[in-house]
Structures are given as C-alpha cells and as structure tokens.
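Q: Numbering (mature numbering (1 follows the signal peptide of the UniProt record, and there is no 0)), first residue to last: -18 to -1, 1 to 216.
For glycine and all other residues, C-beta sits at the position ideal for the given N, C-alpha and C.
Right, I'll just put the structure down here and ask away after.
Here is the structure:
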C-alpha cells in the first residue's frame, strides 16, 4: 500500500512540472539542422564546446518593430533562439507597445507568464474558465501574473510607448492566438480586446476559447464601469 501511495505521489508531482528536470548541469541547444530523431526538447551541445556565450543573449536589448496594425511587438526567446535555456524550464520575451499598441487575446498552453513593466503604463488582464475577468493598470516596476493556459491581453494605457518583459516557466511556452485559430481578422480582435478592457456598463463581448470546446462562444460581461486608463482619440 505504501509503495502504491509513493507511486501516485510521484506521478502527481511530475504532472505539475512545466518541463522535465535536467539531468546534467548544462545542456545548451546543439547547433545545426533538426535531428532525424524527434524528442521532447532539443539535443545538447558537445560539453567540450560549451562556453559562457551559450548562456548570454543580447536579442532583447533592442526594441521590436511596432510599425504594424497592432502597433506592438513581442520578441520571444525560447531554447531554440537562446541555447542556454535548454533543459532549464525557462524562456523570456520582450513586449513593446506604442501609444495605442495592443497584444490581443492569446494563451500559452504550456506555461504561466509573469509580466514585468519597465517603461510606461500597461493595462493587462486575463479570463478564467468561469468567464471572470481579472484586469489592472500596471506602471513601471509592477508585476502581473497570467496563469497557465488562460486567455490574456495587454494594452498601452498611457500617453507614451510602453515596454515590458515576460518570464515563462517553460523553455517553449507555445502561443495560441484565437484570431489565427478561427480566422478572425486582426482589426476585429484588436477592437474586441480594447472593448472588453475599456467598455462601460454591461457591454458584452463574444469570445471563442480555442482550447476548451465546452467554452466555445462563451460570453464575458463587464458588470461594472472601471476607470478608463486610455487617452481619448480625436
């Protein structure tokens, strides 16, 4: 009986881990083309060739290109782009938002996300499986957490561009965009996101939740009016 309990405990413990634990000190992603063997992760670089540069990246030092319809840019570094992350269960991204920029509803099926604002004002929120919205205004130095697998968004909430960094507890968090899944154009998604975040009264916004068929065509209702952090458009 005790042995059975131990087995069940181990199974539960492993199931809550975002990624498998590493079995050696370091395992930078091996360079080159994809191996003919398909594994859960990436093969390791030859230990004799590992150096400090494998654990350093400068790809997030430069702002991303926000010259697009959404006026935003998200640069994600996973173990594929940042070799030193391999087997560590971590990844990182940089989000740049113009004054009217937005990152519409999306989810990360394999990871939670911690958002850290370093510049400007950001309005961020997520939706749980009971159609309840959690949203707030973030300023420089503030941190906000998006739970694993839940739809979330962020918008520029001030009069200047905003920058934030996100940290994930998976070396490959994955991204599911509801616009891409259901063929919804970017304009509709952007308007839907902003309407939900800034809507007044009992405005109802329809959402399509890609990962749960029981929640398809779910409705999220804003039951109260919140302070609108966005500037008025002329």
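Which same chain residues end up closer than 6 angstroms to residue 134 when comparing Cβ atoms and leaving out the 5 residues on each side of it in sequence?
A: Here the set comprises 108, 128.
Q: If you draw a straight line from the alpha carbon of residue 97 to that of residue 79, how long is it in whole angstroms?
A: Roughly 14 angstroms between the two C-alpha positions.
Q: Does residue 44 pass the burial test, meaning 16 or more other C-beta atoms within 10 Å, or should it be called exposed?
A: By the neighbour-count rule (16 or more Cβ atoms within 10 Å), residue 44 is not buried but exposed.
Q: From the DSSP output, which residues share a beta bridge with residue 108?
A: In DSSP, residue 108 forms a bridge with 116, 134.
Q: Would you report the Cα separation of residue 126 and residue 7, rounded to the nearest angstrom?
A: The alpha-carbon atoms of residue 126 and residue 7 are separated by roughly 31 angstroms.
Q: Would you say the region 135 to 145 touches the region 66 to 82, given that touching needs at least three Cβ pairs under 8 angstroms?
A: Touching, yes, given that three or more Cβ pairs across the two stretches are closer than 8 angstroms.
Q: Looking at the structure shown, is residue 87 part of a helix, part of a strand, or coil, going by DSSP?
A: Correct three-state label for residue 87: strand.
Q: Mark residue 38 as exposed unless 16 or more other C-beta atoms lie within 10 angstroms of its C-beta, in which case mark it buried.
A: Burial call: exposed.
Q: For residue 78, which beta-bridge partners are listed by DSSP?
A: 55, 145, per the DSSP bridge assignment.
Q: State the Cα-Cα distance for the pair residue 46 and residue 75, rounded to the nearest angstrom.
A: Rounded to whole angstroms, residue 46 to residue 75 spans 11 angstroms at the Cα level.
Q: Within the continuous beta strand (DSSP E) that includes residue 95, where are the two ends?
A: It spans 95 to 101 - the beta strand (DSSP E) in which residue 95 sits, taken as one unbroken run.
Q: Quick one: using the 10 Å Cβ neighbour count with 16 as the cut-off for buried, is residue 118 buried or exposed?
A: It is exposed - the Cβ of residue 118 has fewer than 16 other Cβ atoms within 10 Å.
Q: Helix, strand or coil for residue 220 per DSSP?
A: Within the shown structure, residues of the chain are numbered from -18 to 216, placing residue 220 beyond reach of any answer.
Q: Taking only the alpha-carbon atoms, compute the straight-line gap between residue 113 and residue 130 and give it to the nearest angstrom.
A: Each residue's alpha carbon lies about 15 angstroms from the other.
Q: Less than 6 angstroms between C-beta atoms, sequence neighbours within five positions excluded: which residues of the same chain meet that for residue 53?
A: Cβ neighbours of residue 53 beyond the five flanking positions: 80, 82, 83.
Q: By the three-class DSSP mapping on this structure, what secondary structure does residue 187 have?
A: Reliability fails at residue 187, whose pLDDT of 39 lies under 50, so the model's placement of it is uncertain and the value that follows must be treated cautiously. Residue state, collapsed to three classes: strand.
Q: By alpha-carbon positions, which one of 71, 13, 28 ends up nearest to residue 155?
A: When each option's Cα is compared against that of residue 155, the closest is 71.
Q: Pull up the DSSP beta-bridge partners for residue 62, would you.
A: Its beta-bridge partners do not exist; DSSP assigns none.
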